[in-house]
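Those letters in the sequence shown? Residues -39 to -1, 1 to 456, per mature numbering (1 follows the signal peptide of the UniProt record, and there is no 0), in order.
Note that beta-carbon positions come from the ideal geometry of N, C-alpha and C, so glycine has one too.
As the structure is a prediction and not an experimental result, all values here were calculated from the model.
Since the structure comes first, as structure tokens, the remarks are kept for the end.
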Amino acid sequence: MKHSEQNRRQFLKALGATLCAGGASALLPQLKLMGSALAASTAPVPNYRALVCVYLSGGNDSWNMLLPYDTARHATYATARSGIYNATTNAGGLGIDRAALTSQFQINDSAGSGQYAVNPGNANYAGGMSDVATIYRANKLAFIANCGTLLRPITKTEYNSSPTLRPPQLYSHNDQENLWHLARTSLANEGWGGLVADKVRLNNLNQALSPCISLAGSNRFEVGQDTFPYQMSSGGLTGLANIYNAANSTGGTYGSQRAGALDLLLADTSNTSLLTKEYARTFKRGRDLYDLVNSALTAADGSGNVTTVFPTGNSLADQLKMVARMIKISREGNGQIQHQRQIYYVRFGGFDLHDNLMSTATNGHGALLNRVSQAMGAFWAALGELGAQNEVTTFTMSEFARTLSSNGNGSDHAWGGVQMVMGGAVNGGRLYGTFPDQALNNAISFTRGQTIPSTSVDQVAATLARWMGVTSTNDLNAIFPNLPNFPTNNLGFMA
């Protein structure tokens, strides 16, 4: 490592410690000088890696996200889905016509030679999930079939005879979301993302900024023992109203005076209340982080932006664009953040489709999946712009899949489903896990096609944790207590 790079990293380590101690106000004015004093290297932070969790809220009907294309299995699928949907002759059907699965939506499992297709959309959203299919065919995206919450592998007989072997509150949105976030079936306050961050954050130079960043508010997934998520919105950071917040923000006529008065209040040591002092330190750290992050995102030279065009009117795309911008400023080798490990959380809702699942309107499943596909496609392109495709892995979670059979206008809560993993380090172009027999009420499913998972959340999460650097068996078992109940802690979808 060059001497100038060593000096820069030592300086930023000291800065991180100062920020954590709440004493950054004296240093922040000098940060503007770092561009010239420490600009010897513009290379990205070495060994950068990030996870991006895309949570599909409401229980995604993933059996219409990935469906069998070969003739025999598609026929079984169509029967289980109460027939092919037709607004006139079979309005209650949930099956997608095989003829609609044209070549732009077809994919092959390179490992098992199975033929599949992704959702083709509908008349109003004809692009369907073509962006996802393109990335899959480039071997940069994989599907994990029939995964879900489990204590241990369970048979249908055991399910019926031993209720204690079932995950708690199996068909409850809130409870199942918690189990996906925790990757454990016991009560806990920490999520697996936060616990992974606890293990891998030590080489992040700026320790004041959490390695876990949420674009979707508070969540259990990113809470660790020593890590709490930093929250922001797809529009960036929100400063204090009528207060001078940063060099590019005047805060109104008296903004700087108000800021000065606030600084004096926060620096007041005459109050002996421990609660007041801690509040002041926390408040001040928040302002310091605002200055640090916002100044990088809104830099006058545009260095905090990406040029990739993201789709408009798509809240998931808005969130992922901000994630791309945060990754850009966080992995800059001469920046003020210089994180080696980060975990992001975004959220996209509307999937609780007990009604109007096959609607061609904006709230139908086809429209939702089309937005997911377009957002992920744009994010993939933005990572290419940053040269970070091999360093970022994006994956989906959703509390459960839905019943294969129709309730007359939609589908209901079920269990095992399909998730996606996208990234340059993904061994893509294939399915992992076991795509299930979709006949109703068979050896691994119940009367309405609620499928018993063959792969656990724990195994999916542990595979991602290993890629992030948590490779010790003891550490993995501490984060995922049920992991030893399964045959492997590495599903192989990460290089």
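For residue i, does the three-state DSSP call read helix, strand or coil?
| i | result |
| --- | --- |
| Leu347 | helix |
| Asn255 | helix |
| Gln399 | coil |
| Ser175 | strand |
| Leu139 | Note on identity: in this sequence residue 139 is Asn, with Leu being the wrong assignment. If DSSP states are grouped into helix, strand and coil, Asn139 belongs with the helices. |
| Ser23 | helix |
| Gln(-10) | Residue placement at Gln(-10) is poorly supported in this model, since its pLDDT is 41, which falls under 50; the coordinates are not used for a value here. |
| Ala36 | helix |
| Leu236 | helix |
| Asn83 | coil |
| Lys117 | helix |
| Tyr132 | coil |
| Tyr77 | strand |
| Met90 | coil |
| Val387 | strand |
| Ile57 | coil |
| Asn270 | In the sequence under discussion, the amino acid at residue 270 is Val, which differs from the Asn named in the question. Three-state result, Val270: coil. |
| Leu223 | helix |
| Asn446 | helix |
| Pro29 | strand |
| His374 | strand |
| Gly430 | coil |
| Leu304 | In the sequence on display, residue 304 carries Ile and not Leu. In this structure, Ile304 counts as strand in the three-state DSSP scheme. |
Excluding sequence positions up to five away, which residues of its chain have a Cβ less than 7 Å from the Cβ of residue i?
| i | result |
| --- | --- |
| Gly53 | Ser43, Ser367, Gly369 and Asn370 |
| Leu444 | Asp419, Ala423, Leu437, Asn438 and Asn450 |
| Arg286 | Leu258, Gly265, Asn266 and Val267 |
| Ser291 | Ile298, His300 and Gln303 |
| Pro414 | Asn107, Cys108, Gly109, Leu111, Trp376 and Gly377 |
| Lys101 | Met383, Gly384, Gly385, Val387 and Gly389 |
| Lys117 | Ala404, Ile405 and Ile413 |
| Glu138 | Glu360 |
| Asn51 | Gly44 and Ile45 |
Under 8 Å, do residue i and residue j count as touching if we go by C-beta distance?
| i | j | result |
| --- | --- | --- |
| Gln67 | Ala78 | yes |
| Asp22 | Leu314 | yes |
| Ala149 | Gly185 | no |
| Leu250 | Leu170 | yes |
| Phe356 | His374 | no |
| Asn331 | Gly89 | yes |
| Gly154 | Phe182 | yes |
| Gln105 | Tyr305 | Note that residue 105 corresponds to Ile in the displayed sequence, not to Gln. Cβ distance not < 8 Å, so Ile105 and Tyr305 don't count as in contact. |
| Ala103 | Gln399 | no |
| Gly390 | Tyr97 | yes |
| Phe198 | Val254 | Looking at the sequence shown, residue 198 is not Phe but Leu. A contact, by the Cβ cut-off of 8 Å. |
| Arg113 | Asn446 | yes |
| Gln380 | Val421 | yes |
| Gln168 | Gly178 | no |
I believe residue i touches residue j by the beta-carbon criterion, under 8 Å. Please report the beta-carbon distance rounded to the nearest angstrom.
| i | j | result |
| --- | --- | --- |
| Ser372 | Leu318 | 6 Å |
| Gly377 | Cys108 | 6 Å |
| Tyr393 | Phe454 | 5 Å |
| Arg162 | Trp428 | Arg162 to Trp428, Cβ: 15 Å. No contact. |
| Tyr38 | Leu27 | 11 Å between Cβ atoms; not a contact. |
| Arg409 | Leu365 | 7 Å |
| Asn121 | Thr321 | Contact doesn't hold; Cβ gap of about 39 Å is too wide. |
| Tyr30 | Gln76 | 4 Å |
| Phe244 | Gly20 | Between Gly20 and Phe244 the Cβ distance is about 39 Å, and since that is not below 8 Å, they are no contact. |
| His142 | Asn85 | In fact, because the Cβ distance is near 33 Å, the residues do not count as touching under 8 Å. |
| Ala241 | Leu223 | So it is not a contact: roughly 10 Å between Cβ atoms. |
| Leu425 | Leu156 | In fact, because the Cβ distance is near 12 Å, the residues do not count as touching under 8 Å. |
Excluding the 5 residues preceding and the 5 following residue i in the sequence, name in chain order all residues of the same chain whose CB lies nearer than 8 Å to its CB.
| i | result |
| --- | --- |
| Ser195 | Leu176, Ser276, Asp279, Gln280, Lys282 and Met283 |
| Pro172 | Ala158, Val161, Arg162, Asn165, Thr188, His300, Arg302, Gln303 and Ile304 |
| Pro272 | Ala278, Arg332, Gln335, Ala336 and Ala339 |
| Asn232 | Lys238 |
| Gly(-17) | With a pLDDT of only 42 at Gly(-17), under the threshold of 50, the placement of this residue in the model should not be trusted, and no figure is reported. |
Just to check, is the beta-carbon of residue i closer than 7 Å to a non-hydrogen atom of the ligand FMN?
| i | result |
| --- | --- |
| Asn402 | This structure does not include the ligand FMN; it has no bound ligands of any sort. |
Excluding five sequence neighbours on each side, which residues of the same chain lie with their C-beta closer than 6 Å to the C-beta of residue i?
| i | result |
| --- | --- |
| Ala342 | Thr269 |
| Ile115 | Leu126 |
| Ala94 | Phe66, Ile68 and Val79 |
| Lys289 | Leu347 |
| Tyr16 | Arg308 and Met358 |
| Pro5 | Arg292 and Gly294 |
| Gln72 | It should be noted that the sequence gives Ala, not Gln, for residue 72. Closer than 6 Å at Cβ, skipping near neighbours: Arg391. |
| Ser334 | Met90, Asp92 and Val93 |
| His134 | Glu360 |
| Asp58 | Ile45 |
| Ser417 | Leu111 and Phe447 |
| Ser147 | none |
| Leu452 | Tyr393, Gln420 and Thr424 |
Take every Cβ of the region 265 to 272, pair it with every Cβ of the region 123 to 136, and state whether three or more of those distances are shorter than 8 Å. With the cut-off at 8 Å, the region 265 to 272 and the region 123 to 136 do not touch.
Exercise. When the Cβ atoms of the region 400 to 414 are set against those of the region 334 to 351, are three or more pairs found closer than 8 Å?
Worked result: As far as the Cβ criterion goes, the region 400 to 414 does not touch the region 334 to 351, which means the pair count is below three.
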